Every structure is written in C-alpha cells, then in structure tokens.
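If you read the sequences in order, they're chains A and B.
Heads up, my numbering is the position in the first sequence plus 128, with the first residue counted as 1.
Heads up, my numbering is the position in the second sequence plus 78, with the first residue counted as 1.
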Amino acid sequence: MTQWQVTLEFSGPLQRTMQIGELTVQGSGPCTISTVLAALMHTQQSAVGALGVSPETVSDKLPPGLLVLRNRVLLPLRPETTVTPGERLTLMPMISGG
Amino acid sequence: MTDKQTPPLNPAATLTTEETEAYAWQLDVTDFGSSGQQRLKQSSVLISRVGGLGSAVAYELAAAGVGRLILAHAGVVQPSDLNRQLLMTYDWIGKPRIESARKRLLELNPRLEIIAVPENLCEENAARLVGMADCVVDAAPLFQERLAINDAAEQKGIPVVEAAMYELEASLTVIHPPQTLRFRDLVPEVPRSWTRRFPVFGAVSGTVGCLAAMETIKLLSGLGQPLKNRLLRLNLRSMQFDTILLPRPE
Numbered sequence: 129m130t131q132w133q134v135t136l137e138f139s140g141p142l143q144r145t146m147q148i149g150e151l152t153v154q155g156s157g158p159c160t161i162s163t164v165l166a167a168l169m170h171t172q173q174s175a176v177g178a179l180g181v182s183p184e185t186v187s188d189k190l191p192p193g194l195l196v197l198r199n200r201v202l203l204p205l206r207p208e209t210t211v212t213p214g215e216r217l218t219l220m221p222m223i224s225g226g
Numbered sequence: 079m080t081d082k083q084t085p086p087l088n089p090a091a092t093l094t095t096e097e098t099e100a101y102a103w104q105l106d107v108t109d110f111g112s113s114g115q116q117r118l119k120q121s122s123v124l125i126s127r128v129g130g131l132g133s134a135v136a137y138e139l140a141a142a143g144v145g146r147l148i149l150a151h152a153g154v155v156q157p158s159d160l161n162r163q164l165l166m167t168y169d170w171i172g173k174p175r176i177e178s179a180r181k182r183l184l185e186l187n188p189r190l191e192i193i194a195v196p197e198n199l200c201e202e203n204a205a206r207l208v209g210m211a212d213c214v215v216d217a218a219p220l221f222q223e224r225l226a227i228n229d230a231a232e233q234k235g236i237p238v239v240e241a242a243m244y245e246l247e248a249s250l251t252v253i254h255p256p257q258t259l260r261f262r263d264l265v266p267e268v269p270r271s272w273t274r275r276f277p278v279f280g281a282v283s284g285t286v287g288c289l290a291a292m293e294t295i296k297l298l299s300g301l302g303q304p305l306k307n308r309l310l311r312l313n314l315r316s317m318q319f320d321t322i323l324l325p326r327p328e
C-alpha cells in the first residue's frame, strides 16, 4: 500500500473550531479528497464536528459547503477527486454571516 | 439581465438637473457616465436582510442612486445589533428593523423608492420578492435563506451578489447561472456545522458590504468585470485578499 501525506490549511470556522492553522495528515492507499478528510478526522477529533460528517460517511458525501483548494483553484468537489501525495491543500468552508 | 447585456435605457430614467448635480463625482467615472447613472436609476435591487452586511450594501446603493431598493428583514432592533447594523439606531431598539432602515436611507437619499418587507427570505416568498428585482444581494445569515434566494434567482435568470462574513474573514462572488456555477454547486445543502450566531466586527461587514455594493453597481451599469467564476476571500486578520478561481459550468 502506498503511504502518503498531505498538508492541510484551515480557514474560517474550521480553523476556529480546530484551533490550528494547518496540519499534515498521513494515510495509505488511494489519496483522494475523501481519504484525506477521513485521515484528518482520525488525527484531529474536533474535525468531525467542524466538518459535520464522520470518517465513515465522507467517502459517500463530502461536507456540504466545504471548498477544497489547490493553489487558490477549486478542486472538483467529489469524494474520489485525486490528491497528489505531498501537496498542500486549503480547506475553506463556505460562510454565511450576513 | 447580465452585466454586459444591460437593458435599454428607459426615457423615464433621464437624469434631472438636480440628480446630475447630486451624482456629479461618480458621473466622471470612466465607462460609467450618465448612461450608467440612468441604469442605476431604472434598476431595482433586492437586499436580503439589512443587518450588518446588508446595511452597508443598502447605504452605498442608496448613495449611488439605485432607483428602487427592496429590503427584506424581519424582527425588531436589538441592542446587540448595533455593533454592525449601521441602519439601526439606539432610539429604535424594540421597533422594526425594516422601518429604521427605510428611515435612514431616505434621510440619505429622498429620491429613492424603498419597498420595505418585514420578512426574511424563505422558500415561500423567494420567488415573489426575487421577481421584483433586476439583481439580488444576498446578505442572509442562514444557508436556508441563501439556497432559497439562489433557487428563485436561477429560475428567473437574475444575478445574485453573494456576500458573507465570519469573524475577520469574508467572501464575495457573483452567482449567475448558466454563466457561472449555481450556488448549490458550492453548497448543495445546509452545512450542519454552521450556526446562526457568529463572531464579527462591524468593520468587517462594512468592508465586504461596500465591495458587494460595488459589484452590484457593476452588474447594473455594465461597468468593469464582476466577480463571476471567481470568489474573493478576505482575511482581515492578515490583510490577505485572495481570488479563488471557480470552474466554469460544463
């Protein structure tokens, strides 16, 4: 199984809830948005509440309103979207304060 | 309407001498001029909630001379509104927010037509209220409202200026399918993690409110390049402003 690691940067409510600005997560096997998010939730329990999904369900449905960015470009918001091991992503929840 | 397909000028929107004088400084803006001002005068804008963000939007659009503002906001002024809701005043605590907003805007610009609706946008009233406007500014604090507004606007082909804030962050984009993604492509359903109350300073709502007002003026007058297929994210803690590229619809 291929080992991978991805560095995640957090913004908005996600950063506030988790109380960290970034974190590197590790996993093995396919490296996709859903496996990266599952690794995040396993590494940091507070991510479960902040994302509003569980590690078990994230492979079926991504957290609604969560933008995943690579170099300020939005990735396709699908669980199976491939992530390149070693890269840096930004997790940016859509916000609704008015 | 679309930003580069502005409707024909209505002769009834011809500027009076007094209006020409009142808007003289912006009439000098390149690519705007009297035709841009007439387009603002003949336009209707729906602002969903005139709280922190919507207050700033409404004030700037009133100052700029948008002819008709449709303001939708339920409830009465609370003491905790006053750190950011600049159309509300201390002497109006306990009275309807929408009346305070109307009063303040007409003090600024008595030429305006204001339709004050003491309701928040929802699935039941969205089609009716959105249908009265050429453009919508979404400044609602709940995703339920944003989804209802965008669904109605998409059906009617009306652009939505999507503005939002949280703590010292804010975001801004223009949603106008099929030229852009739908709002539901970004937020397919209400995120469970979002809460009604959020931390914020009035200076944050003022900042993003002014930017949202500028986007609205651009859409109505055909000026510049609106934030379509781009999302501006502001972090006022670090003063970092990023423009995120959103995919164009397939």
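By construction, the Cβ of each residue, glycine as well, lies at the ideal position given by its N, Cα and C atoms.
Computed from a predicted structure; not experimentally measured.
- Approximately 5 Å separates the beta-carbon atoms of Glu208/A and Thr160/A; this is inside 8 Å, confirming the contact.
- In this structure, DSSP gives Leu264/B a helical state, which the three-state scheme calls helix.
- When DSSP assignments are scanned along the segment 137-173 of chain B, the uninterrupted stretches of beta strand (DSSP E) that are 3 or more residues long and fall wholly within it turn out to be 146-150.
- At the C-beta level, Leu203/A and Pro191/A stay beyond 7 Å of one another.
- Among the residues of the segment 138-159 of chain B, none has a Cβ less than 9 Å away from any Cβ of chain A.
- By the Cβ rule, the segment 155-171 of chain B does not count as touching the segment 108-122 of chain B, because fewer than three pairs are nearer than 8 Å.
- Uninterrupted beta strand (DSSP E) stretches at least 3 residues long and entirely within the segment 92-127 of chain B occur at 122-126, given in chain order.
- Interface residue (Cβ-Cβ distance to chain B less than 7 Å): Ile161/A is not classified as such.
- Phe221/B sits buried, since 16 or more C-beta atoms from the chains shown fall within 10 Å of its C-beta.
- Met220/A is bridged by DSSP to Leu195/A.
- Annotated three-state conformation of Ala204/B is helix, per DSSP.
- Three or more beta-carbon pairs separated by less than 8 Å link the segment 274-288 of chain B to the segment 207-221 of chain B, which places the two stretches in contact.
- Contact of Arg200/A with chain B is assigned, a C-beta pair being separated by under 7 Å.
- Residue environment analysis places Lys189/A among the exposed positions, since fewer than 16 neighbouring C-beta atoms fall within 10 angstroms of its C-beta.
- Among the residues facing chain B, Ala178/A is included, as its CB has a counterpart in that chain under 7 Å away.
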